Structures are given as C-alpha cells and as structure tokens.
Amino acid sequence: MGDRRCRIRAGGRYTTLAAALLALCLTAACSSGPSQKELALLEEQRQAMVAAEEQVAQKKAEEARLQRKLADKKAQQKSAEQKKADTAENLANTHTE
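With the first letter of the sequence shown counted as 1, position 61 gets the number 283 in our numbering; the numbers rise by one all the way through.
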C-alpha cells in the first residue's frame, strides 16, 4: 500500500508541474507586448550601441594612422643611423689616408 501512495504522490507532482507550466505559458502568451517605457529604453540602448560602434571605428582609424606615422619615424631613424654610420666610416677613411 505504501508503494501505491508514492505513485499517487509522484503522479500528483507531475500534474502540479504540468499545471504550473500551462499557467506560465498562458500568462506569457497573453502579455500585451513591451510597454512604451521598455521600447524607449530599448531605443536608447540601440542609440548608445551605434554611438559606441562609431567611436570604435574612429579609434581604429586613429590607431592605423598612428601605426603608419610610427613606421615612417622608424624608417627615418634607420636612414639617419645609416647616414651616421656612413659619415663615421668616411671620417675614419679620410684620417687613414
């Protein structure tokens, strides 16, 4: 008899769970949609996202410009160091002659 009560209780649990899920589904299905406040908040968040994406694009463009400038400066430095080495070599050669 104890087994029978456990089965009945287990069946009751499933029935209760099914009823709760049904109520949840009906409640969610009957909602009227987002409110004006929610829509305004969503639009505000969308605008903030667009602004942030624009700022990211600007920062990436600035980074690319600075990388090019750095590469130019490094090339100038290398050229100046080569010129300095050539000048030092020429001076050393003129003193030995």
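Backbone N, C-alpha and C define an ideal beta-carbon position, used for all residues, glycine too. All values reported here derive from a predicted model rather than from experimental measurement.
Each residue's CA atom was taken as its position, placing ALA314 and LYS306 some 12 Å apart. Listed in chain order, the non-local C-beta contacts of SER257 below 7 Å within the same chain number zero, local neighbours out to five positions each way being set aside.
Secondary structure at SER254: coil, using DSSP grouped into helix, strand and coil. Within the model, the alpha-carbon separation for ALA279 versus ALA286 is close to 11 Å.
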